[in-house]
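Engineer:
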Amino acid sequence: MQWLKSFAGYLAPLFLIVSPLLSYTDQVLSMHRNKSSAGFSLDIPLIMLVASLLRIFYYPGARFDTALLIQSFVMVFIQVILLKVALDHRPAPSSKGGDAAVPFSRPSDGLMDAPRPYNFWQWRSPKPYWKFVLSLFIALTVCELILAPMRSVYLSYSSLIGYVGLAIEATLPIPQILTNARSRSCKGFRVSVLASWLLGDGMKMFWFFTSSTTIPWAFKLSGMFQAGCDAFLGVQYLMYGSGETEIKDHQLSNFPAQGSRIATGREVPVGRRTPVVEKTI
3 MQWLKSFAGY LAPLFLIVSP LLSYTDQVLS MHRNKSSAGF SLDIPLIMLV ASLLRIFYYP
63 GARFDTALLI QSFVMVFIQV ILLKVALDHR PAPSSKGGDA AVPFSRPSDG LMDAPRPYNF
123 WQWRSPKPYW KFVLSLFIAL TVCELILAPM RSVYLSYSSL IGYVGLAIEA TLPIPQILTN
183 ARSRSCKGFR VSVLASWLLG DGMKMFWFFT SSTTIPWAFK LSGMFQAGCD AFLGVQYLMY
243 GSGETEIKDH QLSNFPAQGS RIATGREVPV GRRTPVVEKT I
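Rendered as structure tokens:
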């Protein structure tokens, strides 16, 4: 058993560092090839960017394992790329599955079926997304510089942002779970991402509870909750698969909006199906 702990002590940190690249590179390439991010939840980059930035600024006060810090920097890098590609290839609102495929695109389609304040993270222009990420980084930097000299206050502040960041990260699978449930399909969400999440959960849990280095309980609790959510995503894949869920329109629905003239010279009003008798004339 000791050799397994030693092996995990070397392999798990290395896997955690490269796991963001393994998890999301395929998703990025898929959206780029298909020129569409339909079915992919834009809240995933939001959650991971916020959680990773908070974890980076949590490090000076907690001094947790260095592998977790490096992973946070790698995660920020890949999530910035993921967000850029996802925004570049969002379906147009007027296209089939457009708004429905963009998570929380409607004001009343939030986590609790309530509108988000100021349409947060459902903006149509890419600029507000980048302004928010940059503003968060600047705010955390300013707080770090102001509070660091005040040791007692800083330790409380550091613990607060650490637990908040890890709690946010634990919710990572939830937006995708809701997206899959609404569309009754896992289309647009790569199975490679899910596989890497599940593999990472297993290695992470083993390492967290056997490592001789400092792993705060905040990481362990967050990891256990996230592992449960990832397992549920796996259940959704078994239930829904990744195929199309849309029912193709009948050809009659392609008639022009103001009616159309058929061979008999009569105009067929919109919404009226042509009787069988008329079809044979």
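Per my numbering, residue 3 is the first one in the sequence shown, and the count goes up by one each step. A virtual CB, placed ideally from N, CA and C, is assigned to each residue, including glycine. Bear in mind the structure is a predicted one, so any value in this text is a computation, not a measurement.
1. Can you tell me the Cβ-Cβ gap for Ala-88 and Phe-134, rounded? I've got them flagged as a contact below 8 Å.
2. Give me the Cβ distance between Gln-81 and Pro-117, rounded to the nearest whole Å; I'm assuming they're in contact under 8 Å.
3. Report all residues from its chain with a CB closer than 8 Å to the CB of Leu-174; omit the five preceding and five following residues, and keep chain order.
4. Do you know whose CA, among Pro-93, Leu-85, Gly-63, lies nearest Asn-36's CA?
5. From Ala-169 to Pro-177, what distance separates their C-alpha atoms?
6. Do Ala-69 and Pro-22 have their CB atoms nearer than 7 Å?
7. Leaving out five residues on either side along the sequence, give the residues of the same chain with a beta carbon under 7 Å from the beta carbon of Ser-25.
8. Check each candidate in Val-20, Ser-39, Ser-127 and name the one with the smallest Cα separation from Ser-74.
9. Please classify Phe-208: does DSSP put it in a helix, a strand, or coil?
10. Tell me the rounded alpha-carbon separation between His-91 and Ser-39.
11. According to DSSP, simplified to helix, strand and coil, what is Gly-167?
12. Taking the straight line between their C-alpha atoms, what separation do you get for Phe-221 and Met-77?
13. With 16 other CB atoms within 10 Å as the buried threshold, where does Gly-243 fall?
14. If you reduce the DSSP assignment to three classes, tell me which class Met-152 lands in.
15. If distances are taken between C-alpha atoms only, which option among Ser-161, Leu-18, Gly-190 comes closest to Leu-64?
16. Nearest-angstrom Cα distance between Arg-57 and Pro-119?
17. Only counting the same chain, and skipping five residues up and downstream in sequence, which positions put a Cβ closer than 6 Å to that of Leu-13?
18. Under 8 Å by Cβ, that's how I've got Gly-225 and Met-207 pegged, so tell me the actual separation to the nearest angstrom.
19. Excluding sequence positions up to five away, which residues of its chain have a Cβ less than 8 Å from the Cβ of Phe-234?
20. What is the DSSP secondary structure of Leu-23, reduced to helix, strand or coil?
21. Report the residue from Ile-148, Pro-218, Trp-132 whose alpha carbon sits nearest the alpha carbon of Leu-84.
22. Would Ala-150 and Tyr-159 qualify as a contact pair, given that the criterion is a beta-carbon distance under 7 Å?
23. Please tell me whether Phe-59 and Glu-146 are closer than 7 Å, where the distance is taken between their beta carbons.
Structural biologist: Answer, in terms of the structure:
1. Here residue 88 refers to the residue found at position 86 when the sequence shown is read from its first residue. Here residue 134 refers to the residue found at position 132 when the sequence shown is read from its first residue. The C-beta separation of Ala-88 from Phe-134 comes to about 15 Å, leaving the pair out of contact by the 8 Å criterion.
2. The residue you call residue 81 lines up with position 79 of the sequence shown. The residue you call residue 117 lines up with position 115 of the sequence shown. With 8 Å as the limit, Gln-81 and Pro-117 do not qualify as a contact, their Cβ atoms being about 25 Å apart.
3. The count along the sequence shown starts at 1 and reaches residue 174 at position 172. For Leu-174, same chain residues with a beta-carbon under 8 Å away, outside a window of 5 residues either side, are Ile-46, Ile-49, Met-50, Ala-53, Gln-228, Cys-231 in chain order.
4. Residue numbering aside, residue 36 sits at position 34 when the sequence shown is read from its first letter. Of the listed residues, the one whose Cα sits closest to Asn-36 is Pro-93.
5. As a working mapping, residue 169 is identified with position 167 in the sequence shown. As a working mapping, residue 177 is identified with position 175 in the sequence shown. Approximately 14 Å, taken between the alpha carbons.
6. Residue numbering aside, residue 69 sits at position 67 when the sequence shown is read from its first letter. Residue numbering aside, residue 22 sits at position 20 when the sequence shown is read from its first letter. One thing to note: Ala-69 has its Cβ no nearer than 7 Å to the Cβ of Pro-22.
7. Position 23 of the sequence shown, counted from the first residue, corresponds to residue 25. Excluding positions up to five away in sequence, the list reads Val-195, Ser-198, Trp-199.
8. Start at 1 with the first residue of the sequence shown, and residue 74 comes out as number 72. From the listed residues Val-20, Ser-39, Ser-127, the smallest Cα separation to Ser-74 is found for Val-20.
9. Numbered from its first residue, the sequence shown carries residue 208 at position 206. In this structure, Phe-208 counts as helix in the three-state DSSP scheme.
10. The sequence position of residue 91 within the sequence shown is 89, counting from 1. The sequence position of residue 39 within the sequence shown is 37, counting from 1. Separation of His-91 and Ser-39 (C-alpha to C-alpha, rounded to the nearest whole angstrom) is 5 Å.
11. Here residue 167 is taken as the residue at index 165 of the sequence shown, counted from 1. If DSSP states are grouped into helix, strand and coil, Gly-167 belongs with the helices.
12. On the sequence shown, position 219 is the one that residue 221 refers to. On the sequence shown, position 75 is the one that residue 77 refers to. Distance between Phe-221 and Met-77, taken at the CA atoms: about 16 Å.
13. The residue labelled residue 243 in the question sits at position 241 within the sequence shown. The residue is exposed, with fewer than 16 neighbouring Cβ atoms inside 10 Å.
14. To locate residue 152, count along the sequence shown from 1; it is residue 150. Here Met-152 sits in coil by DSSP.
15. Position 62 of the sequence shown, counted from the start, is the residue given in the question as residue 64. Sequence inspection shows Ala at residue 64; the Leu mentioned does not correspond to that position. Selected option, being the one with the closest Cα: Ser-161.
16. Within the sequence shown, numbered from 1, the residue matching residue 57 stands at position 55. Within the sequence shown, numbered from 1, the residue matching residue 119 stands at position 117. When rounded, the separation of the alpha-carbon atoms in Arg-57 and Pro-119 is 25 Å.
17. Here residue 13 corresponds to residue number 11 of the sequence shown, with the count starting at 1. Closer than 6 Å at the Cβ level, and outside the excluded window around Leu-13, lies no residue.
18. On the sequence shown, position 223 is the one that residue 225 refers to. On the sequence shown, position 205 is the one that residue 207 refers to. Their Cβ separation, rounded to whole angstroms, is 6 Å, which keeps Gly-225 and Met-207 in contact under 8 Å.
19. In the sequence shown, counting from the first residue as 1, residue 234 sits at position 232. So the list reads Pro-175, Ile-179, once near-sequence residues are dropped.
20. Numbered from 1 along the sequence shown, position 21 holds the residue referred to as residue 23. Helix at Leu-23.
21. Here residue 84 is taken as the residue at index 82 of the sequence shown, counted from 1. Comparing Cα-Cα distances from Leu-84 to each of Ile-148, Pro-218, Trp-132, the minimum goes to Trp-132.
22. One-based indexing of the sequence shown puts residue 150 at position 148. One-based indexing of the sequence shown puts residue 159 at position 157. With respect to Tyr-159, Ala-150 sits apart: the two C-beta atoms are not nearer than 7 Å.
23. Position 57 of the sequence shown holds residue 59. Position 144 of the sequence shown holds residue 146. It is a contact, given that the beta carbons lie within the stated cut-off.
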